[in-house]
Amino acid sequence: MAGIPVVEIATIVPIMLTVGANRIVPGVAIPHPTGDPAKGPEEDKRVRRELLERAFKALTTEISEQTIFAN
Amino acid sequence: MRLELHKIPIENVCWGERTHVKDRTLVIDQEKALGVVSGDPRFASASLELARPGESVRIIPVKDAVEPRCKLQGPGEVFPGVIGQPPRTVGEGKTLVLEGAAVLTCGSIVAFQEGFVDMSGPGAAYTPFSETQNVVLMVEPREGLDQHDYEAALREAGLKLALHLAQECKETPAEKVEIFDLPSVGEVQKAHPELPGIVYVFMCITQGLLHDTYLYGSDVKQTLPALVHPNEIMDGALISGNCVSACDKNTTWHHVNNPVVAELYRRHGVDLNFLGVIVTPESTTLAGKERATWYNAKLAAQLGAQGAVVSEEGYGNPDTDLCMNAKKLEDLGIRTVVISDEAAGTDGKSQGLADATPEMTAFISTGNVNEMIEVPPMERVLGHPEAIAHLSGGADESLREDGSMYVELQSVIGSTNELGFSRIGCRWI
Amino acid sequence: MAYRVVCYINQFFAGMGGEDTAHVPPEFRPEAVGPAAQLDQLFGDEATVVGTVICGDSYYGEHLEEAQKACLELIAKEKPDLVIAGPAFNAGRYGVACGDIAAGVTEELGIPAITGMFEENPGVEMYREKCYILKAADSARGMRKSLPLMAAFALKLLKKEPLGTAEEENYFSRGIRKNFFHAENGAVRGIRMLLQKIGREPFTTEYEMPVFNKIPPAPPVKDLSKATIALCTSGGIVPFGNPDKIRVSSAESYGVYDISELDNLNASNYESIHGGYDRVWANEDPDVVLPLDVMREMEKEGVFGKLYPKVFCTTGTGTAVAHAERFGQEIGQQLKEAGVDAAILTAT
């Protein structure tokens, strides 16, 4: 949108691919894409940080087509 | 397995001294019926009302509909694992059906996805429950009750009440007996080797509070897809624990009256071999979706299927499961048709599915959930009319002062049912 | 009172000549000219062609905006109830002019407009979504067949009669889905279609797979440590109490919320109002959908420059693609104007 890079964090990667999202980070689960609360507060936050780090990697990487940043 | 459905047509419902059927009227002992469910400490209050076709009545918010059925001859009991105990397999013997009657469960809202039923007027055309004689169970949960416990309590109550009504009518002889006899897969294929073997891939919403389905009382989200005999479904092995949007949730009533099962049975031995039903979850994780859909395709191939009918429950992320099922089946050479509704926007101009795959070449549409409808005020409202503001398809401004509503079709129970129960569907204009 | 109809035709059908007169500018004649005269007859006494607007095909093609403006003015003056352009059959310039007129009338004069074209006419793809383009033959030999169909359809529109599907009414679908009741239920239709598919017989799917538009990726952020990042979500995360009353489904709006004073989201300051998933975890800790807490930590650590003080939130279930596109454009515009370098969007 408007030439600003956007990264999408969500669980259903096939939908993101189909609708044309370019920078994709697979999320944890539908009700909690950016956390894993069932694993306890420490693990939940660790997972969140890891996802955001991947999101930043996506935002700072040059891409020419839809790309999934899975790690 | 061989099952006889002993059907008693119900054309009216009223209160009376004892519960029985007389001249196609279901007479109900209100106190006794209420007593079956009111003792549950999870309810602060419970009451019963009647709603008949043609009456100026609106019921809102409705969570589920259940058809009164019970076993006349075993083994087991209907709704096994939830009400019928032990959770042994069913689908044989004789089952009584009060055909044309329904128990509707109603009460203050659990979550956003419940719906309404209008017994007359333009809204009536969109739901099968405007044509059933309804016994409406209205409850209020005990204060402070957790939403999950409230949902479970009401689900069980609806099933108990439906079973009770059927059991009280065991003495009434059925007016028609339908026989459903489907032997093992091997025998089926031996009898008509020239006919194409068809499996029914039955997708069920399995995504959490008010988004769940139970097979023999087991939460389907926790399981791999299961091979099920269609007769088991007729005996209530599959229970709805969801209101995934009112329009496309499969009510427990829809489950026992599954039209795909009915049509496959009708054509069995004539132009197809009905091999069986694969009940499959719709997971909230990508891995879960992959796991289930790979397994469905494998199971279908293992059964030697040439074709598959796939019905979805819900819209949005389950559209991905739908696409995966279609693709993986087709990739194995199993021809597939899918039955699904569309979320095409209130103006009908949006893509109806959240996902797509080129293999989905045969698609049956059960309607646009977002299309707006206008419903007039009803003389009687059972439940909470203001709940429409919180239902999917409704908003604060949906309910007008005079009681009329301008809402999306998705707020009507059963309006775009994806088993293909109704005749509605989208066309291009 | 008979309905008033104005027709639009080109120089050829007005009998003015062929290519030699293709440059004539728009003019109005207070009578039914060319095929309009036939239409007038076909209407009987239910409708009257009160006039005809004529324009040369080349003139229209070379002065698209002014020609449309001029023609619409001429039409509007007659206060018609409906406009009929063409039919243009397979004539490309004429098809574009007819489509343009019909689209303009529909959008700006708010009255129905119809025209007729052969499927390969470029006007079909350009204008089918904006007006009614009836199917016609590939040459004027189809005139005898087209005119009665157009007249009948026009009367249906004028009398506001309920319409059938695009196929039944014989026009090119405008790309809109509408609910109809079939003769048979979906299960019966489905199993029939499956057996046709297995038997390699022809069948017609009830919904063709959509093709989504792909946008080329934006260039990456050059220096993350100096970048301003904005958070957005379609997971329905809003301040507790949902002050803007964002809908639980089919959202038609999005909220913009100031999080400059917040370091994390919890059960009392924010909540989830999204109807499409189990909200247990999101309500307990909204950070699992909108990750404010860790973003704030990483901002303090200097991983990135600044967290944009506003978050953009809506509900993604059942949201019409058109609304979603509008949200995207508007939010994108706001971010651009605010000098935001990148955005993180979470979805459920």
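Residue numbers (my numbering), protein chains in the order written: chain H, 3 to 73; chain P, 43 to 471; chain G, 8 to 355. C-beta atoms are modelled at their ideal positions from N, C-alpha and C, and glycine is treated no differently. All values reported here derive from a predicted model rather than from experimental measurement.
query: Rounded Cβ spacing between residue 202 (chain G) and residue 71 (chain P) (contact assumed at less than 8 Å); result: The Cβ separation is near 48 Å, so there is no contact.
query: Neighbourhood of residue 419 (chain P) by C-beta distance below 7 Å, restricted to the same chain and skipping five residues each side; result: 444, 445, 446
query: C-beta neighbour in chain G for residue 373 (chain P), strict 7 Å; result: no
query: Beta carbon of residue 55 (chain G) nearer than 7 Å to that of residue 36 (chain G); result: no
query: Inter-residue Cα distance where the pair is residue 464 (chain P) and residue 345 (chain P); result: 30 Å
query: Within chain P, partners of residue 28 (chain H) - CB distance below 7 Å; result: 328
query: Short Cβ contact (7 Å threshold) for residue 96 (chain P) with residue 162 (chain P); result: yes
query: 8 Å contact criterion, which residue 135 (chain G) and residue 87 (chain G) should meet: CB distance rounded; result: The pair is not a contact, with the Cβ atoms about 22 Å apart (cut-off 8 Å).
query: Neighbour flag for residue 3 (chain G) against chain H, beta carbons, 7 Å; result: Within the shown structure, residues of chain G are numbered from 8 to 355, placing residue 3 (chain G) beyond reach of any answer.
query: Proximity of residue 405 (chain P) and residue 214 (chain G) at Cβ, strictly below 7 Å; result: yes
query: Beta-carbon neighbours of residue 359 (chain P), restricted to chain H and to distances below 8 Å; result: 13, 14, 17, 32
query: C-beta neighbour in chain P for residue 338 (chain G), strict 7 Å; result: no
query: DSSP three-state assignment for residue 131 (chain P), whether helix, strand or coil; result: coil
query: Residue 236 (chain P), buried or exposed, once every other Cβ within 10 Å from all chains shown has been counted against 16; result: exposed
query: Contained alpha helix (DSSP H) runs [length at least 4] in the region 178 to 234 of chain G, N- to C-terminal order; result: 193 to 205
query: The region 380 to 396 of chain P in contact with the region 184 to 191 of chain G per 3-pair CB rule at 8 Å; result: yes
query: Buried/exposed call for residue 390 (chain P), threshold 16 Cβ in 10 Å; result: buried
query: Interfacial residues, the region 110 to 132 of chain P to chain H, with Cβ spacing under 7 Å; result: none
query: Where the beta strand (DSSP E) containing residue 312 (chain G) begins and where it ends; result: Where residue 312 (chain G) is concerned, there is no enclosing beta strand (DSSP E), given that its DSSP letter is neither H nor E.
query: Neighbouring residues, chain P, relative to residue 75 (chain H) (Cβ below 7 Å); result: Residue 75 (chain H) lies beyond the stretch modelled for chain H, which goes from 3 to 73, so this question has no answer here.
query: Close beta carbons around residue 192 (chain G), own chain, < 6 Å, minus the five adjacent residues each side; result: none
query: Distance between beta carbons of residue 47 (chain G) and residue 9 (chain G), contact taken as under 8 Å; result: Residue 9 (chain G) to residue 47 (chain G), Cβ: 10 Å. No contact.
query: Rounded distance between the beta-carbons of residue 156 (chain P) and residue 202 (chain P), thought under 8 Å; result: With 8 Å as the limit, residue 202 (chain P) and residue 156 (chain P) do not qualify as a contact, their Cβ atoms being about 20 Å apart.
query: Where residue 112 (chain G) sits in the DSSP three-state scheme; result: helix
query: Distance between residue 278 (chain P) and residue 140 (chain P) (C-alpha atoms, nearest Å); result: 14 Å
query: Endpoints, alpha helix (DSSP H) assigned at residue 65 (chain G); result: 64 to 69
query: Spatial distance of residue 234 (chain G) from residue 313 (chain G) (CA atoms); result: 6 Å
query: Residue 336 (chain G) versus residue 352 (chain G) - alpha carbon distance; result: 14 Å
query: Proximal residues of chain G, C-beta to C-beta of residue 438 (chain P) below 7 Å; result: 252
query: Residue 469 (chain P) Cβ short of 6 Å to the ligand SAH heavy atom set; result: The model on display carries no ligand, and the ligand SAH is accordingly not part of it.
query: CB contact below 7 Å: residue 362 (chain P) versus chain H; result: yes
query: Residue from P:158, P:192, P:311, P:82 with nearest C-alpha to residue 423 (chain P); result: P:158
query: Proximity test, Cβ basis, 7 Å: residue 62 (chain H) and chain G; result: yes
query: Residues near residue 265 (chain P) in its chain [Cβ-Cβ closer than 8 Å; skip 5 each side]; result: 257, 323
query: Inter-stretch contact (C-beta, 8 Å, three-pair minimum) for the region 109 to 121 of chain P and the region 203 to 220 of chain P; result: yes
query: Chain H within 7 Å of residue 301 (chain G), Cβ atoms only; result: yes
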